[in-house]
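Trainee:
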Amino acid sequence: MGFVFLSNALNVIFSFGNVLACTVPYHLHNIPKASVLTRPVAANKNCFSDQLLGERENNMDPMTFWVVRHAEREDNINSAWQKGSTLKSDNSPLSKRGQGQANELAARFDNIHLDHIFVSPFDRTLETATRLLRGHKNATIKVEPGLCEGLYMCEDPPGYESLDVLKEKYPLVDTSYESVMPWKLPREGYGDEACTARVKVTLEGIEKRFPGTEVLLVSHGAPIGAIHELLSGSWKYVGQATVSKFVKKSKGGYIKELTGDASHLSDKTNLRPW
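Numbered according to mature numbering (1 follows the signal peptide of the UniProt record, and there is no 0), the sequence shown spans residues -21 to -1, 1 to 253.
Written as structure tokens, this is what we have:
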């Protein structure tokens, strides 16, 4: 009789211990956080639901990347655009149509909250961003060389101007921002895909430094194709002045909510998606 009582008591104790193992906060198990977030612990695989794991990983708003390709360039319609211009051959400004497209982007983003704006250092992207942000009080532009056009299509070195000159031309430029990639970019291979490694480093750097924020990226055809591949798994060419959107999932990875959306444009013809 005494033996049976002792046995039953031990069973109760062990059962209670298992309950505690499933209810005690994970850090009291001395389990590294990364292990909890990436896979269930084998001995207690039913202790935490996938939803709870996601919530623990993401205690802030989801990271969101809004991605805009610059509007139409002057050299798209005028081969003699450099006459009377001091800009390099790879640094065409916006055309009149492009300026109108950028103004329509401003209407599109008028009621969208943006925490940070990262822009390629070329004039066409900076002018697009400046016009887009006209309804955003106190907005500043972080010039990010990592969003530069594919280098095989640029002069050597790329023809964008110095940060001081850009600040004079585009007052929203934040000269205190330290870019993820250096102002003088390392060489990369030939072809659109060659920029992918550089874009990957740029996205990771932005996400690490500004987690859980609403971010706008203004860039070019090839880097935006790379962004699609890195965040959604497949390369995508988008038209000029179009909008794409990627939202981080609770368990990692991104959901592509928009890609090359031109619904804000009054003229959707010849957007040059290449």
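Cβ coordinates follow ideal geometry from the N, Cα and C atoms, glycine included.
For the stretch 89 to 141, which segments carrying the beta strand (DSSP E) assignment without a break, of at least 3 residues, lie completely within its bounds, in sequence order?
Mentor: If we require 3 residues or more, the beta strand (DSSP E) runs fully inside the stretch 89 to 141 come out as 95 to 98.
Trainee: Would a C-beta distance cut-off of 8 Å place S74 and E106 closer than the cut-off?
Mentor: No, they are not a contact pair.
Trainee: Whose C-beta lies closer than 7 Å to the C-beta of T181 among residues of the same chain, with five residues either side of it excluded?
Mentor: Answer for T181: E123, G125, L126, V159, M160, listed in chain order.
Trainee: Which class does S211 belong to by DSSP, given the choice of helix, strand or coil?
Mentor: The answer is helix: DSSP assigns S211 an H, G or I state.
Trainee: Buried or exposed for D171, please, with buried defined as at least 16 other CB atoms from any protein chain shown within 10 angstroms of its CB.
Mentor: Result: buried.
Trainee: Looking at T80: is its Cβ nearer than 8 Å to the Cβ of L244?
Mentor: The question names Thr, yet the displayed sequence has Gln at residue 80. In contact: Q80 and L244 (Cβ atoms closer than 8 Å).
Trainee: By the 10 Å Cβ neighbour count, where 16 or more other Cβ atoms means buried, how is D102 classified, buried or exposed?
Mentor: Buried, since its Cβ has 16 or more Cβ neighbours within 10 Å.
Trainee: How far does the beta strand (DSSP E) with V222 in it extend, from its first residue to its last?
Mentor: 222 to 227 is the span of the beta strand (DSSP E), which, as asked, contains V222.
Trainee: Taking C-beta to C-beta, are residue 254 and L111 nearer than 8 Å?
Mentor: Because the chain in this structure spans residues -21 to 253, residue 254 falls outside the shown range and cannot be described.
Trainee: Using a Cβ-Cβ cutoff of less than 8 Å, which residues in the same chain neighbour K235 once the five nearest sequence positions on both sides are dropped?
Mentor: Excluding positions up to five away in sequence, the list reads H207, L210, S211, S223, K224, F225.
Trainee: Which residue marks the beginning of the alpha helix (DSSP H) containing V47, and which one marks its end?
Mentor: Where V47 is concerned, there is no enclosing alpha helix (DSSP H), although the beta strand (DSSP E) it sits in stretches over 43 to 48.
Trainee: Buried or exposed: where does S71 fall if 16 or more other Cβ atoms within 10 Å of its Cβ makes it buried?
Mentor: Buried.
Trainee: Look up R76 in the DSSP assignment and say whether it is helix, strand or coil.
Mentor: It is helical.
Trainee: Using the C-alpha atoms, what's the distance from G218 back to G200?
Mentor: Each residue's alpha carbon lies about 8 Å from the other.
Trainee: Output the distance between the C-alpha atoms of G168 and T175, rounded to the nearest integer angstrom.
Mentor: Cα to Cα, the separation comes out at about 10 Å.
Trainee: Would you mind giving the Cβ-Cβ distance between G138 and K67, rounded to the nearest angstrom? I have them listed as a contact below 8 Å.
Mentor: Going by Cβ atoms, the distance from G138 to K67 rounds to 3 Å, so yes, they are a contact pair.
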